[in-house]
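> One point on numbering: in the numbering used here, the residue at position 306 of the sequence shown is 1523, and numbering is uninterrupted. Just so it is clear, CB atoms sit at the ideal spot from N, CA and C, and this is done for glycine as well. Here the structure is a predicted model, which means the values were calculated and not measured. One structure coming up, written as structure tokens, with questions to follow.
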Amino acid sequence: MSTDTITGAGVFDAYITNLGKYNEGELIGEWVGFPTTPEEMQDVFRRIGIGQKDEFGQPYEEWFITDYDCPIPGLYDCLGEYESLDELNYLANKIEEMSVSEQECFEAAVELGEYTGSVQDLINLTENLDCYELYSDIHSDSDLGYYYAEDSGIYDKSAMGALSNYIDYEGFGRDIRFEEGGTFTDHGYIVGNQDRFIEQYNGDREEIPEEYRVFAPNEPEEEPLPPIDEQLANMSENEKQGLINGIEMALDYGIADDIPQSDMDLYNAVIQERSEQKPSIRKQLAENKEKCTTALQATEKNKNHDLEV
């Protein structure tokens, strides 16, 4: 069984899966659109069973990501199964906050393949887009060669005279691309410039801004207590007396507010049970006394009979 609800299609989506259920042969998960919120993430964990208990009473606490849906070319291959949800949300927020031109530069930089080895790298990439030049009108080696020869102003075409008519723009552009390490993308030609790439995020998740954090695992669900009469039936007399002693000591010390209501309910039930037992005890004592009297009378009668004989 699996769920396919998308809590909100975002910059990219991730399929969050209950690892414990997966190891038991059941695919229980849900699509989550990033960026998301802590509240939405908790709802997802609840729906896929994180915090619930298995048949042995152990809570399902672990999850992993079985798939991604990434509109950004190349991003899918950068994301793994066990990524930090906080880091994913950090990244998605940084992308969402970009202008259109910045997003195009980021997408092209991802295709270039520098600083894409981890989500940490990608987060830092969003902070260093000024380290790249994106030429949106250049899509081939020929375009690149023509740009450098004709439009860049690097070369004085007039000084070349008639030789400029014989320029192999494609070959020229290919040599330039290899030399400067650029690549063609859907958004044009991208190449790194000489600006220094600065690490803004060092991978310490405690340093992730609070507004980007979403991960707080659900607490294991508490099993509902059985009915009071069932609890009483399963308690020994020593346990009942221990409960009475503990509650009455708490009451004597004035810390009744610290007593769980479930314990107070059970305490009251034990007291009620014992008060109901008192008449039965008195009746049993009377019956025992009557039996003893009858036995004594029979013994006395036998003695008198023996004397007469």
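With three or more beta-carbon pairs closer than 8 Å as the criterion, would you say the segment 1326-1345 touches the segment 1262-1269?
no
> Tell me whether VAL1317 is buried or exposed, calling it buried when 16 or more other Cβ atoms sit within 10 Å of its Cβ.
exposed
> Buried or exposed for TYR1383, please, with buried defined as at least 16 other CB atoms from any protein chain shown within 10 angstroms of its CB.
exposed
> Taking the alpha carbon of ASN1235 as the reference point, which residue from GLY1246, VAL1228, GLY1227 has its own alpha carbon closest?
Ranking the options by Cα distance to ASN1235, first place goes to GLY1246.
> For the beta strand (DSSP E) containing LEU1351, name the first residue and the last one.
1349-1352
> Specify the secondary structure class of GLY1246 as computed by DSSP and reduced to three states.
strand
> Name the two residues that bound the continuous beta strand (DSSP E) containing ALA1231.
1229-1235
> Report all residues from its chain with a CB closer than 6 Å to the CB of ASP1338; omit the five preceding and five following residues, and keep chain order.
If we look at ASP1338 and ignore the five residues flanking it on each side, its Cβ neighbours are TYR1332.
> So is GLU1321 buried or exposed if we call it buried at 16+ other beta carbons inside 10 Å?
buried
> Work out the CA separation of ASP1412 and VAL1228 for me, nearest whole Å.
28 Å
> Quick one: measure Cβ to Cβ for PHE1401 and ALA1309, integer angstroms, because I've assumed they're closer than 8 Å.
About 26 Å separates the two Cβ atoms, so there is no contact after all.
> On the CB-based measure, 16 or more other CB atoms within 10 Å of its CB, does ALA1231 come out buried or exposed?
Around the beta carbon of ALA1231, 16 or more other beta carbons lie within 10 angstroms, which makes this residue buried.
> Assign GLY1399 to one of two classes, buried (16 or more other C-beta atoms within 10 Å of its C-beta) or exposed (fewer than that).
buried
> For ASP1284, report the span of its beta strand (DSSP E) as first-last.
1280-1286 is the span of the beta strand (DSSP E), which, as asked, contains ASP1284.
> Going by C-alpha distance, which of GLY1463, LYS1457, GLY1242 is nearest ALA1486?
Selected option, being the one with the closest Cα: LYS1457.
> In whole angstroms, what separates the C-alpha of ASP1284 from that of GLU1298?
8 Å
> On the DSSP letters alone, give me the boundaries of the beta strand (DSSP E) that GLY1409 sits inside.
1405-1409
> CA-CA distance, GLY1237 and PRO1441?
So the alpha carbons of these two residues sit roughly 22 Å apart.
> Whole alpha helix (DSSP H) runs in the segment 1315-1358 with 4 or more residues, listed along the chain?
The qualifying runs are 1317-1329, 1336-1343.
> Between ILE1476, GLU1465, GLU1344, which lies nearest to GLU1314 when the distance is taken from Cα to Cα?
GLU1344
> For the alpha helix (DSSP H) containing PHE1395, name the first residue and the last one.
1386-1397
> Am I right that GLN1417 and ASN1341 are in contact with their C-beta atoms under 8 Å? What's the rounded C-beta distance?
Approximately 6 Å separates the beta-carbon atoms of GLN1417 and ASN1341; this is inside 8 Å, confirming the contact.
> According to DSSP, simplified to helix, strand and coil, what is PRO1276?
strand
> Between SER1479 and the rest of its own chain, which residues show a CB-CB distance below 6 Å, the 5 nearest in sequence each way excluded?
LEU1442
> In chain order, what residues of the same chain lie with their CB nearer than 6 Å to the CB of TYR1352, ignoring the 5 residues before and after it?
Correct list, in chain order: GLY1405, TYR1406.
> Identify every run of the alpha helix (DSSP H) within the segment 1440-1493, keeping only runs that are complete inside it and at least 4 residues long; order them along the chain.
Runs of the alpha helix (DSSP H) inside the segment 1440-1493: 1445-1450, 1454-1469.
> If you draw a straight line from the C-alpha of ASP1392 to the C-alpha of ASP1358, how long is it?
Cα-Cα distance, rounded: 9 Å.
> Which same chain residues end up closer than 6 Å to LEU1502 when comparing Cβ atoms and leaving out the 5 residues on each side of it in sequence?
Note that LEU1502 has pLDDT 48, beneath the 50 cutoff, so the model's placement of it is unreliable and the number below is only indicative. Excluding residues within five positions, none has a Cβ falling inside 6 Å.
> Can you tell me whether DSSP reads PHE1262 as helix, strand or coil?
In the three-state reduction of the DSSP assignment, PHE1262 falls in the helix class, which pools H, G and I.
> Alpha carbons only, please: which of LEU1346, ASP1294, LEU1296, SER1335 is nearest the one belonging to GLU1319?
LEU1346
> Cβ atoms of VAL1336 and CYS1295: under 9 Å apart, would you say?
yes
> List the residues that DSSP assigns as beta-bridge partners of THR1402.
GLY1405
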